[in-house]
Structure formats: structure tokens, C-alpha cells
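Here numbering that gives the first Met the number 0 is used: the first residue of the sequence shown is 0, the next is one more, and so on.
C-beta: ideal position from N, C-alpha, C; glycine also.
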Amino acid sequence: MSFLLGFCQWLQDTSVGTQIRESTLVFPVLEGSHLLGLALMMAPVMMYDLRLVGLLWRTEPVSTVKWQFLPITFAGFFLMVSTGVLLFWSEPIKCYNSVYFRIKVIFLVVAGLNALVFHSTIDRTTSQWDTLLPTPTRARFAGVCSLVTWTMVIFAGRYTAYNL
């Protein structure tokens, strides 16, 4: 047995995992909260990405769009991650064996790397291109990558939910 599978088995056998899995109330509340977190995070992220790509709010400075949505994005991210961890905790073996869950994790990593690269490079120079149309190629590319990877995370996540 691999270390990861052994860890998943241990996690599933904990009292927390069992209580979440067997509760008629906790699991659905967590799942609904996870989707709420997803909506709170993804709506502003996608709007920001669409601004980077040049398809939305073309007359608004990129920095204005970013700072208007950042608090909502962080709140959604916190809710999504915390409930996602608990949902995984309730059925780690099923997640481990799910191809869709693995695809979701891969796209989560890619989305995270895209955000890390964007915010540590091109975003640091936003003041130089804040109102330019079109935005710099690297910013547009990061926006497209974000839109695609987060869309794939959402689709893979929904497939995971229906195939566990």
C-alpha cells in the first residue's frame, strides 16, 4: 500500500471523517457551503480574468477591478478550501480512486501556479499598463489560462461529486 493510500485510509477511519460521512446534515451543509465558496471566489476571479483578456470592463483600470473584488475572492477561497478539506476528509479513499478528483487536483495546481507566476511577475508592473488596451500579452495569456484551468477545476469537481 502506498503512503498516500495509507494516509487516506487513516484519515477516513478518524472520528471526524466518520461523523461527516454518516451525518445526514453535516455533509450536505459542507457541500452547499463548498459551492457557495466556489461561487464567491470564481465570480470575481473570472470577471478579473475577462478584464485581463479585454472582454469585460475595458474602460476600467485593471487595478480598480482587482481591488474591488479581492476581499470577496479571499472570503470565497477560505470557505472553498476549508469545506473542501472537510469534504475530502469524509471520503478520502473514494477521492484517491477517482480519476476526476485527480484531474481536479492537477488543474488546481496549474491554476495556483498560473496565479503565482502572474502575481509575482506581470502583476507587479500593473501601474505601467493599467489602462492599456489591449493589456500586455502575458497578462492576457494569464487570464486565458486562469479561465481555462478554473473551468476545468469546476467541471472535474462536479464529475467527482457524481462519481464517488
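*asked:* Only counting the same chain, and skipping five residues up and downstream in sequence, which positions put a Cβ closer than 7 Å to that of T72?
replied: M40, P43 and V44
*Can you check whether the CB of L29 is closer than 8 Å to the CB of P91?*
no
*At which residue ranges does the region 43–114 contain complete beta strand (DSSP E) runs of 3 or more residues, listed in the order of the chain?*
none
*asked:* Measuring straight from C-alpha to C-alpha, what distance separates A114 and V15?
replied: 32 Å
*Roughly how far, in whole angstroms, is the beta-carbon of M46 from the beta-carbon of V61, given that I think they are within contact range, below 8 Å?*
M46 to V61, Cβ: 11 Å. No contact.
*Straight-line gap, T124 to T130 (C-alpha atoms, nearest Å)*: 12 Å
_Segment limits, alpha helix (DSSP H) that includes S14_ = S14 to E21
*Under 8 Å, do V152 and F100 count as touching if we go by C-beta distance?*
no
*asked:* Quick check on the burial criterion: 16 or more other C-beta atoms within 10 angstroms. Buried or exposed for T136?
replied: exposed
*On the three-state DSSP scale, how would you describe D122?*
helix
*Sequence-distant residues of the same chain with beta carbon closer than 7 Å to L247, five excluded per side*: Residue numbering for the chain in the displayed model covers 0 to 163; residue 247 lies beyond these limits and cannot be assessed.
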